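Visitor: Here it is, the structure, as structure tokens.
Protein chains: 2
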Amino acid sequence: MSSHPAAEQPWNRQRLRSNNEWLLLERLRTAGPASRAQLARDTGLSKPTVSAALANLEQAGLAREAGTLAPERGRVAVLYEPDPTAGHVLGVDIGRGWLRIAVADLAGEIVARRDVPNRGRTADAVADAVVAAARAAIEEAGLVPGAVAHAAIGTPGVWDESEQRVRYAANLPGWGRRGLFDRIRAGLDTEISVHNDANLAALGEYARGAGVGSRLFVYLLIGTGLGMGVVSGGRLQKGAHGAAGEIGFLPRPGGPVACEEGERAQRRGTLESAAAAESVVRTARELGLRGAGTAKQVFDAARAGDPAALAAIDREAAQLAYAVAVVSSVLDPDLVVLGGGVGHSADLLLGRVEQELHRLTPLRPRLAPSLLGEEAVLIGALATALRTARPEVFERRSAALDRV
Amino acid sequence: MSSHPAAEQPWNRQRLRSNNEWLLLERLRTAGPASRAQLARDTGLSKPTVSAALANLEQAGLAREAGTLAPERGRVAVLYEPDPTAGHVLGVDIGRGWLRIAVADLAGEIVARRDVPNRGRTADAVADAVVAAARAAIEEAGLVPGAVAHAAIGTPGVWDESEQRVRYAANLPGWGRRGLFDRIRAGLDTEISVHNDANLAALGEYARGAGVGSRLFVYLLIGTGLGMGVVSGGRLQKGAHGAAGEIGFLPRPGGPVACEEGERAQRRGTLESAAAAESVVRTARELGLRGAGTAKQVFDAARAGDPAALAAIDREAAQLAYAVAVVSSVLDPDLVVLGGGVGHSADLLLGRVEQELHRLTPLRPRLAPSLLGEEAVLIGALATALRTARPEVFERRSAALDRV
DNA sequence: TGGAAAGTAAGGATACTTAACTTAATCACA
DNA sequence: TGTGATTAAGTTAAGTATCCTTACTTTCCA
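So the protein lines, in turn, are chains P and A. When we follow this note's numbering, the leftmost residue of the first sequence carries the number 846, and every step to the right adds one. When we follow this note's numbering, the leftmost residue of the second sequence carries the number 846, and every step to the right adds one.
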């Protein structure tokens, strides 16, 4: 799970104390409030040690009392929990249509929220809009910008850490410019980290959605494009260059469509062009559906029984089944979640994808629809920011205590 | 890298000492011999602490002196290194043609070796042959069976830990029986672990072959079947059910072959049937090559300039390029190594696969031939056994010291 | 013989454990 | 209802292990 900042290093006595305090805090966070005696039993530490550590944590503002619990007989136990107000984080989802921004406390509870339409014509305008909305949310939460411990930002494309810029975000002009995110960092006066939106959505579903408890979990983001996030043992799999899950580039499977269109189309065709929202509309039109301009309209027509729309959805399901089959063969996940605008139409898609999958491969993971929908990226951003911020807040408040 | 056995647990003082001794030993192992003063500088521990820890390690038989090193001026430093004779491990490769067995010391040096042809008609006969050869190797190394700290065994198929049996090893009759590996365990009087052969080969190439230093490394085993192993950050990716990398089940790509053969063949066809050794022979025959019964013969004919053989190899390369493209899209590795009987013919395959890959996808990892060849599984088995055995030997010898 | 680096010894600080104690609740029973 | 037994939470005090600092010795080269 989360590791103490100074792991894999030699230990001296101060690290020992600090590490034990961190471990107690993590236990309170993940397993819920507990008394000192309970913690001593669970961790193997002695009661006096636990008492001393909790006194330190409380003085540092990292833990607080959380009511009492009476055992069957004997003295009433005082329960402790992490103090969620010890720090705050910012999550940002830079979507094509909307900018979504939230401030959360260390327990992950959202304390302020801002959604604004993404009207920016230029990359700089979008960056400025993000900063303005974020500052408004921070103020609403009763904080000053510098008080936010970490901000995690989700965007289409792949973040190049060494160049400090986004790659492969073709749809957003100027978004790959260097220095763009320095502008956001300066505007927020906070450490930021930038992540692929599908990856954050995967983390979001893993943290609080359909992927909770999964050992190896794959999230398919099917919308304007086709993206994927892989969460293994609670950690995101990013690949060697941060491009893991870019299955939009997959060669398209050999199927009737590919054969009909001839070899040239096969070479150019990628899975993204065959499975993203746009292709559902295109296929439906080719099959005779009129008046459908968006994927949502095609799905609505299918629900109303239109045969062309249904056929288009069959084709879409076949493409997705291929994607799932490929991912299953390579990774062996126990769960694949369909998300994004198209993936959200689980009522129509899920059964068809499963049926097609039966024909393709014996390795079949569980399929499930997204639970978080449009919120997945934002919640994943908060989860990511929390993962970074928690040890940092702990370090800072512990150190402040020592100086006294 | 390797973690102390008791990580993520609260620490008391004894664990502190034990942990620091373990860390010093790991440092000696990975960074080479060093003096006490050197270790103190590197780790941040004080000189007296390092001296005491090394005295303990030496008394426990875990470390030993390794010569001296004179600085520019001043007293000569005494160097220390891990004592490789502190324990031994066994590695076993149960291949279709050969049983390969090696005994290695804790430094990974092979001290005894046995290769015997796999003549077993029944699974039990194979198990008995493994035990006999292993006992012979252990004796040759001057050990008794119980003295081996761990034995790692590689076999085709997927090891099911909860059922304690192998799954999906279709080619070996009876090999999936429960209790088969209990027989080996009893015969060796040692803790054993069982692993997929492609996975072990991947670990072998990562530990001592073409994959050294790779961040995310994929090994393709192309031979009788088609297998894959993924090593991420030094750890094997096994998937949720241990079936990660079973790309033999991949749907076959749409290509001229698929179209020609019609839809029914596409449904049945898998990548394994299209890319394994047998298919090279089949394709070459279809294209007019006569007298080639094995893949090796096809490759030899190609080297001699035979056009049918060359065409068959082009097709094989296209199938492999598809496999690499799929894996790259999903995982983003920085290196893909081709191994196994077919993969070993890198002179003919590598360039063709790279060329085909250019047509398929912009995400192109580095390609390289296997360095270890047929030895990869065995070396991976030793590396795996060592990873398990090192902490165990450390624990045992440390504990023995405390009891005095 | 002096300088420099390796290595050791002694003393002090710290964070842990154990064991015994106090506190505060329930229960049994007069 | 009151009183003591019982049980569990939490504290205090004493003891111990491990580490660090400081000062020292050893051993080599110039």
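Yeah, the Cβ is synthetic: ideal placement off N, Cα and C, and Gly gets one too. Keep in mind it's a predicted model, so treat the numbers as computed, not measured.
At least one CB of chain P closer than 8 Å to the CB of Q859/A: is that the case?
Guide: Not closer than 8 Å to any Cβ of chain P, the Cβ of Q859/A fails to qualify, so no.
Visitor: To which residues of the same chain is G1099/A closer than 7 Å at the C-beta, ignoring the five residues directly before and after it?
Guide: At G1099/A the pLDDT is 47, less than 50, meaning the model places this residue with poor confidence; the figure from the coordinates comes in the next sentence. Around G1099/A: no qualifying Cβ.
Visitor: Kindly identify the DSSP beta-bridge partner or partners of G999/P.
Guide: Answer is D938/P, H1040/P.
Visitor: Is the beta carbon of L924/A less than 8 Å from the beta carbon of T913/A?
Guide: The answer is yes: Cβ separation under 8 Å.
Visitor: Are the beta-carbon atoms belonging to Y1013/P and V1182/P less than 8 Å from one another?
Guide: No, they are not a contact pair.
Visitor: Please list the terminal residues of the continuous alpha helix (DSSP H) segment that includes I1029/A.
Guide: From DSSP, the alpha helix (DSSP H) with I1029/A extends over 1025 to 1033.
Visitor: For S1124/P, return the contacting residues in chain A, with the cut-off set at a CB-CB distance below 7 Å.
Guide: Simply none; closest approach about 16 Å.
Visitor: Check W1020/A in the structure and name its three-state DSSP category.
Guide: Coil.
Visitor: For R1060/P, which residues in chain A fall below 8 Å Cβ to Cβ?
Guide: Result: A1085.
Visitor: Quick one: using the 10 Å Cβ neighbour count with 16 as the cut-off for buried, is Q1082/P buried or exposed?
Guide: When all chains shown are included, Q1082/P counts as buried.
Visitor: Would you list, in sequence order, the uninterrupted beta strand (DSSP E) runs of no fewer than 3 residues that lie entirely inside the stretch 906 to 992 of chain P?
Guide: Segments of the beta strand (DSSP E) lying fully in the stretch 906 to 992 of chain P: 908 to 914, 922 to 927, 933 to 939, 943 to 950, 955 to 962.
Visitor: Just how far apart, CA to CA, sit A1110/A and E1131/A?
Guide: Reliability of the predicted coordinates at A1110/A is poor, the pLDDT of 34 falling under 50, and no value is obtained from them.
Visitor: If I follow the unbroken beta strand (DSSP E) through G1214/A, where does it start and stop?
Guide: Looking at the sequence provided, one finds Pro at residue 1214/A rather than Gly. Note, P1214/A: beta strand (DSSP E), 1211 to 1214.
Visitor: Would you tell me roughly how many angstroms separate the C-alpha atoms of S1059/P and A1088/A, rounded to the nearest one?
Guide: So the alpha carbons of these two residues sit roughly 16 Å apart.
Visitor: Terminal residues of the continuous alpha helix (DSSP H) containing V1181/A?
Guide: Looking at the DSSP string, V1181/A is not in any alpha helix (DSSP H); the run it does join, the beta strand (DSSP E), is 1180 to 1184.
Visitor: What are the boundary residues of the alpha helix (DSSP H) that includes F1094/A?
Guide: F1094/A -> no alpha helix (DSSP H), and no H or E assigned at all.
Visitor: Rounded C-beta distance between I983/P and V948/P? I'm assuming under 8 Å.
Guide: Sure, about 6 Å apart at Cβ, within 8 Å.
Visitor: G1090/P CB to nearest chain A CB: under 8 Å?
Guide: Yes, G1090/P counts as interfacial toward chain A.
Visitor: Closest Cβ-Cβ distance between W1020/P and chain A: below 8 Å?
Guide: Not one chain A Cβ lies under 8 Å of W1020/P.
Visitor: Comparing alpha-carbon positions, which option in T894/A, A922/A, P927/A lies nearest P1236/A?
Guide: Checked all of T894/A, A922/A, P927/A; the closest Cα to P1236/A is P927/A.
Visitor: Within the continuous beta strand (DSSP E) that includes L1061/A, where are the two ends?
Guide: It spans 1061 to 1067 - the beta strand (DSSP E) in which L1061/A sits, taken as one unbroken run.
Visitor: If the cut is a Cβ gap below 7 Å, which residues of chain A does F1094/P touch?
Guide: The answer, in chain order, is S1174, T1206, P1207, L1208.
Visitor: According to the Cβ coordinates, are A915/P and P929/P closer than 8 Å?
Guide: In this structure, P929/P does not lie closer than 8 Å to A915/P by Cβ.
Visitor: Among P1210/P, P1018/P, F1026/P, which residue has its Cα nearest to the Cα of V975/P?
Guide: Out of P1210/P, P1018/P, F1026/P, F1026/P has the C-alpha closest to the C-alpha of V975/P.
Visitor: Closer than 8 Å, CB to CB, is Y925/A near chain P or not?
Guide: Chain P contact via Cβ: absent.
Visitor: I want to verify the contact list: residues of chain P whose CB lies under 8 Å from the CB of W856/A, in sequence order.
Guide: Per Cβ cutoff of 8 Å: W856, L861, N864, N865.
Visitor: Does the CB of D928/A have a neighbour CB from chain P at under 8 Å?
Guide: No, its Cβ sits nowhere closer than 8 Å to a Cβ of chain P.
Visitor: What does the Cβ neighbour count give for V989/P, buried or exposed, with the cut at 16 atoms within 10 Å?
Guide: It counts as exposed.
Visitor: At a Cβ threshold of 8 Å, is S1215/A touching chain P?
Guide: No, because no Cβ of chain P sits closer than 8 Å to the Cβ of S1215/A.
Visitor: Quick check on the burial criterion: 16 or more other C-beta atoms within 10 angstroms. Buried or exposed for L1061/A?
Guide: It counts as buried.
Visitor: Put R1010/A into one of helix, strand or coil per three-state DSSP.
Guide: Strand at R1010/A.
Visitor: Mind listing the chain P neighbours of A1170/A? Cutoff is C-beta to C-beta under 9 Å, in chain order.
Guide: Simply F1094, L1095, P1096.
Visitor: Output the boundary residues of the alpha helix (DSSP H) element that contains G1196/A.
Guide: Taken as a continuous stretch (DSSP letters only), the alpha helix (DSSP H) holding G1196/A covers 1191 to 1205.
Visitor: For D1005/P, decide whether its Cβ has a neighbour in chain A, counting only Cβ atoms nearer than 8 Å.
Guide: No - not a single Cβ of chain A is within 8 Å of the one on D1005/P.
Visitor: With three or more C-beta pairs closer than 8 Å as the rule, is the stretch 1004 to 1011 of chain A touching the stretch 1181 to 1200 of chain A?
Guide: As far as the Cβ criterion goes, the stretch 1181 to 1200 of chain A does not touch the stretch 1004 to 1011 of chain A, which means the pair count is below three.
Visitor: When the Cα atoms are used, what is the spatial distance from V1175/A to D1177/P?
Guide: So the two alpha carbons sit approximately 12 Å from each other.
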